[in-house]
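The C-terminal position of the sequence shown is numbered 431 in the numbering used here, with every residue numbered one higher than the one before it.
Report on one structure; see the data block that follows.
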Amino acid sequence: MLSATLPDFPWDLLEPAKAVAAAHPGGIVDLSVGTPVDPVPAVVRAALAGASDAPGYPLTAGTPALRAAIASWLARSCGASGTPGVLPTIGSKELVAWLPTLLGVRPGDVVVIPRVCYPTYEVGVKLAGAEVVRADALTALGPDPRVKLIWINSPANPTGRVLPAAHLRKVVDWARERGALVASDECYHSLGWEETPVSVLSDEVTGGDYTGVLAVHSLSKRSNLAGYRAGFVAGDPAVVRELLAVRKHAGMIVPAPVQAAMIAALEDEQHVAEQRERYASRRSALRAALTSAGFRIEESTAGLYLWSTRGEDCWKTVDWLAERGILAAPGAFYGPSAAQHVRVALTATDERVAAAVARLTS
70 MLSATLPDFP
80 WDLLEPAKAV
90 AAAHPGGIVD
100 LSVGTPVDPV
110 PAVVRAALAG
120 ASDAPGYPLT
130 AGTPALRAAI
140 ASWLARSCGA
150 SGTPGVLPTI
160 GSKELVAWLP
170 TLLGVRPGDV
180 VVIPRVCYPT
190 YEVGVKLAGA
200 EVVRADALTA
210 LGPDPRVKLI
220 WINSPANPTG
230 RVLPAAHLRK
240 VVDWARERGA
250 LVASDECYHS
260 LGWEETPVSV
270 LSDEVTGGDY
280 TGVLAVHSLS
290 KRSNLAGYRA
300 GFVAGDPAVV
310 RELLAVRKHA
320 GMIVPAPVQA
330 AMIAALEDEQ
340 HVAEQRERYA
350 SRRSALRAAL
360 TSAGFRIEES
370 TAGLYLWSTR
380 GEDCWKTVDW
390 LAERGILAAP
400 GAFYGPSAAQ
410 HVRVALTATD
420 ERVAAAVARL
430 TS
């Protein structure tokens with residue numbers, strides 16, 4: 070069975086701690102998952118409802134209007150002056166999980182993922198039967214001709230690290246010299262705090278030439294559309310055409326009403342600014358409370374999380390927080406080198422965040 074080749078679903082391992090946190094008299098404050106809790110913007114809901122009479126099959130490639138909206142957003146928000154290929158995806162997680170397979174990566178090939186990262190990168194490599202190598206530095210890879218795909222993630226989940234343009238250029242140049250593809254997961258691009266994220270499609274990095282480069286984006290965090298499953302991939306036109314050719318056969322299609330909602334979300338920046346303010350307020354309160362409780366916050370200059378440590382095994386920290394009715398994700402979910410950290414999400418209501426702050430500072 071294919072599932073036997075995959076790791077346990079990480080959040081299933083949190084159930085015992087979740088039960089402890091749920092037993093707190095004041096109720097659980099679940100900061101373990103980056104799932105939005107704030108309302109879907111009214112402009113997006115109106116667009117979805119207006120497109121709800123959609124009896125026919127939608128276009129796998131996306132409507133011309135959606136493709137134009139994506140391209141315009143990339144130019145405006147990512148500084149991409151060229152003409153990238155664009156393709157809507159059913160959120161970003163399915164693309165992350167299936168990209169190696171869609172690209173024809175096979176046993177014997179190598180896919181590079183960050184040392185500390187979102188678990189689905191590794192899952193995608195295992196689905197394709199390829200070999201995973203965790204590395205953040207190109208020097209760690211050596212002249213390995215088996216490398217077919219390099220995943221980068223900026224702003225990073227879980228650490229909140231931002232990769233500068235110079236680093237991105239080095240990765241792209243290295244991959245091009247070896248015929249490998251760079252895929253940049255940029256789902257938190259709109260959530261820079263102390264640092265401003267740079268897209269791999271930015272003119273600073275590629276100069277409008279997207280050969281061998283893809284960027285993956287999601288509207289889940291930016292626009293509170295996790296329930297809509299709305300994302301897209303953009304970059305090398307030839308690679309995007311290949312992805313489209315395979316996805317047509319597989320039925321990997323974004324529903325027509327969701328495509329209409331994506332257009333509304335991409336064309337409106339007011340709701341993005343309002344959501345940033347909510348997260349900034351929660352971030353400030355949680356950061357201060359965690360620090361006062363003896364945590365050290367590392368990196369976390371962008372994104373939706375506080376990468377926190379008490380200098381002990383992450384599961385011990387998870388238990389300490391659970392006793393106070395707070396659930397966080399252990400660093401072990403994200404790689405062997407993260408065993409002393411926990412990831413604290415900003416995705417809880419103001420009332421629940423206030424409850425967590427009170428418990429951490431009492």
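Built from N, CA and C at the ideal position, the CB exists for glycine as well.
This structure is a prediction, so every number in the text was calculated from the model and none was measured.
Just to confirm my understanding: we take residue i, look at its own chain, exclude 5 residues before and 5 after, and list those with CB closer than 7 Å. What are they?
i	result
arginine 291	Ser259 and Val341
lysine 195	Thr74 and Leu75
Could you give the distance in angstroms between the alpha-carbon of residue i and the alpha-carbon of residue j?
i	j	result
aspartate 272	glycine 154	16 Å
serine 161	arginine 365	30 Å
valine 327	threonine 104	18 Å
tyrosine 257	leucine 71	31 Å
leucine 429	leucine 359	7 Å
glycine 281	tryptophan 262	29 Å
proline 405	aspartate 382	12 Å
glycine 363	glutamate 264	25 Å
proline 127	arginine 247	37 Å
aspartate 178	isoleucine 395	41 Å
valine 180	glycine 198	10 Å
glycine 96	lysine 87	11 Å
Taking C-beta to C-beta, are residue i and residue j nearer than 7 Å?
i	j	result
threonine 189	valine 165	yes
alanine 330	alanine 116	yes
arginine 215	isoleucine 182	no
serine 253	alanine 299	no
glycine 151	proline 169	no
tryptophan 243	leucine 218	no
alanine 354	valine 426	yes
tryptophan 142	leucine 335	yes
tyrosine 374	valine 185	no
leucine 270	alanine 149	yes
Tell me which residue opens and which closes the beta strand (DSSP E) that residue i is part of.
i	result
tyrosine 374	374–378
arginine 412	410–414
isoleucine 182	179–182
tryptophan 220	216–222
threonine 435	The structure shown does not extend to residue 435, since the chain spans only 70 to 431, so no value can be given for it.
glutamate 367	365–367
Should residue i go down as buried or exposed, given a rule of 16 or more other Cβ atoms within 10 Å for buried?
i	result
leucine 75	exposed
serine 223	buried
glutamine 344	buried
serine 268	buried
proline 227	buried
glycine 380	exposed
glutamate 346	exposed
serine 431	exposed
arginine 145	exposed
aspartate 122	exposed
glutamate 255	buried
arginine 310	exposed
With residue i as the anchor, note down where its alpha helix (DSSP H) starts and where it stops.
i	result
lysine 245	Per the sequence presented here, residue 245 reads as arginine, with lysine not at that position. Its alpha helix (DSSP H) spans residues 234–247.
threonine 158	Premise fails: threonine 158 lies in the beta strand (DSSP E), 154–158, not in any alpha helix (DSSP H).
arginine 351	339–361
histidine 286	Per DSSP, histidine 286 belongs to no alpha helix (DSSP H); it is in the beta strand (DSSP E), 282–287.
aspartate 419	419–430
aspartate 388	383–391
What residues in its chain sit with their C-beta under 6 Å from that of residue i, if we drop five residues either side in the sequence?
i	result
valine 315	Leu171
lysine 317	Thr129
arginine 393	Arg428
alanine 452	Examination of residue 452 is not possible in this model, given that the chain is present from 70 through 431 alone.
serine 289	Ala295
Please list, in chain order, all residues of the same chain as residue i whose beta carbon is under 8 Å from its beta carbon, the five residues on each side excluded.
i	result
arginine 351	Leu415, Ala417, Asp419 and Val422
valine 52	Residue 52 lies beyond the range of the chain shown here (70 to 431); nothing can be said about it.
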